[in-house]
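Numbering (my numbering), first residue to last: -16 to 494.
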């Protein structure tokens, strides 16, 4: 990674003064031009800021790729000096076009490099860094400080190899893999698999920009199959579904997402697609036109790769690397059994979405997650599966959030996504909520019940019950279609409805 060290300094005292924010601009001229450049010398957070428990400060970094090439950007943090007790009461969140990261400062040190995504030439993005000081922190934190450096810049990472050609019409099958980098790629302990459980181990090094075929003996199914490429850690890197093969022809990749029937070209660049008069275009027979209801969108060429999973209080944060496009949306599916994804959100963001947080999960439960990209009506392959156990406090079962369904934009999923009547979690993050809501109607019920309690009207019990229950149901209805502004409060607001029912009865008896 090309590095720019940006000091972030925190001093905390138990009295406060107004805090002013100052944006920071960072320009990265390209991997051939040296280091990224900090425009100005103002630190993101400085020791002139005086803090108190419960305070929140947000600053914005503008990161620009001013070089001529697409660059992958990332950030990491390192501790400067000795560990500080503040590291476990400081919460840092990083957001940009999408959610990036959140957690205690101590965790930021151990999470390593955080991916920000690919930047086109000349592209700029704003990232908001918000730091909050735990409101329940005591005097032990007086006159303490925590200092760390934030490193931003280019990520020196190789592009993954891709599948480029499949030849399966005879007993001498082969599959071709291409190295798109200007340096060699080590594929030791990588694997090729197919839909029927066949596995071939790869122990090869691909030379720069090399096309390499791997042969099989009557392994690939000539009537149609799915082939998968896995790395040494069993992460899915690329996959391709192909239909029945034509004798003497191969199924070849023409670009990032376009495949078609061609004359075979083992170990070299692919031939162009055969013309329509030759009978096959893009793997679909040209003898009959497609039906009107057939999906004509091109599916993503490869699956995203889930890189990390982080469990929080009643929440899980996923991060992944994007697969090859085209991509118009991402889907997240999860469940409490491996391979059985009971709940999901069919659209959590478009291309460029690389992280997502799922809130309101039951505590002490292991969940299994997958991500999939899609393009219009054409879904792509699912990612690898990651799992983790949650922690937190017990929560009420939620109704299915608005927008959840078993199908993805009109195209059925390849795995079972079962819609449940009362799932124990709802997906949030890049929200599809229609608005924001704070359930405070129990205060209205309490006021009405207190007024009614001091009157002489009959049937007080039923009146108290009706107002408390009605306001609870109304709040629940609005929470099903709106985002809750205070997540913890929304889990327990029903205690207010109970209080609105009980307190007036107690007061009436005392009176």
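Beta carbons are placed, not taken as given, at the ideal position from N, Cα and C, and that holds for glycine.
Being a predicted model, the structure only gives us computed values, none of them experimental.
CB contact below 9 Å: residue i versus chain C
i, result
"residue 9", "The structure shown has no chain C; it contains just one protein chain."
Alpha-carbon spacing of residue i relative to residue j, whole angstroms
i, j, result
"residue 284", "residue 305", "11 Å"
"residue 381", "residue 481", "Its pLDDT being 46, under 50, residue 381 is placed unreliably in this model, and the value from its coordinates should be taken loosely. Looking at the two C-alpha atoms, the distance is approximately 19 Å."
"residue 385", "residue 330", "Low confidence applies here, because residue 385 scores a pLDDT of 41, under 50, leaving its location unreliable; read the following figure in that light. Their Cα atoms are separated by approximately 11 Å."
"residue 174", "residue 202", "14 Å"
"residue 62", "residue 74", "15 Å"
"residue 38", "residue 72", "12 Å"
"residue 9", "residue 337", "22 Å"
"residue 193", "residue 314", "33 Å"
"residue 393", "residue 312", "Legend: pLDDT at residue 393 = 32, less than 50; position of this residue unreliable, no value from coordinates given."
"residue 169", "residue 364", "24 Å"
"residue 354", "residue 218", "13 Å"
"residue 143", "residue 340", "26 Å"
"residue 145", "residue 84", "29 Å"
"residue 474", "residue 454", "15 Å"
"residue 493", "residue 425", "22 Å"
"residue 548", "residue 58", "It is not possible to answer for residue 548, since the shown part of the chain is limited to -16 through 494."
"residue 326", "residue 152", "40 Å"
"residue 445", "residue 420", "28 Å"
"residue 105", "residue 210", "37 Å"
"residue 237", "residue 295", "43 Å"
"residue 342", "residue 282", "29 Å"
Assigned secondary structure, residue i (DSSP; H/G/I helix, E/B strand, else coil)
i, result
"residue 9", "strand"
"residue 97", "strand"
"residue 153", "coil"
"residue 450", "helix"
"residue 283", "coil"
"residue 316", "strand"
"residue 426", "helix"
"residue 302", "strand"
"residue 362", "strand"
"residue 479", "helix"
"residue 445", "helix"
"residue 354", "strand"
"residue 58", "strand"
"residue 492", "helix"
"residue 291", "strand"
"residue 165", "coil"
"residue 372", "strand"
"residue 326", "strand"
"residue 20", "strand"
"residue 102", "strand"
"residue 73", "strand"
"residue 460", "helix"
Proximity to residue i [Cα-Cα], best of the options
i, options, result
"residue 462", "47, 431, 344 and 422", "422"
"residue 45", "71, 294, 112 and 355", "112"
"residue 40", "345, 117 and 61", "117"
"residue 430", "79, 42, 450 and 77", "450"
"residue 212", "147, 334 and 191", "147"
"residue 321", "349, 165 and 452", "349"
"residue 227", "301, 182, 207 and 352", "207"
"residue 155", "86, 231, 89 and 179", "231"
"residue 109", "60, 79, 83 and 157", "79"
"residue 171", "157, 199 and 216", "216"
"residue 346", "366, 360 and 372", "372"
"residue 344", "298, 368, 308 and 360", "298"
"residue 361", "225, 280, 83 and 317", "280"
"residue 159", "181, 98, 97 and 253", "253"
"residue 229", "58, 257, 493 and 92", "257"
"residue 195", "150, 209 and 204", "150"
"residue 81", "328, 162, 302 and 447", "302"
"residue 458", "435, 433 and 427", "427"
"residue 370", "447, 316 and 244", "316"
"residue 251", "12, 487 and 163", "163"
"residue 214", "185, 235, 223 and 191", "185"
"residue 495", "49, 92, 43 and 50", "Look at the range of the chain in this structure, -16 to 494, and you will see that residue 495 is not part of it."
Beta-bridge partners of residue i, as assigned by DSSP
i, result
"residue 108", "46"
"residue 40", "114"
"residue 497", "Residue 497 is absent from the structure shown; the chain starts at -16 and stops at 494."
"residue 82", "78"
"residue 338", "302"
"residue 223", "210"
"residue 484", "Per DSSP, none; premise fails for residue 484."
"residue 160", "146 and 195"
"residue 498", "A question about residue 498 goes unanswered here, because the residues of the chain that appear run from -16 up to 494."
- request: List in chain order: all unbroken beta strand (DSSP E) runs of 3+ residues lying wholly within the region 174 to 221.
  value: Qualifying beta strand (DSSP E) stretches, in chain order: 182 to 185, 194 to 200 and 208 to 213.
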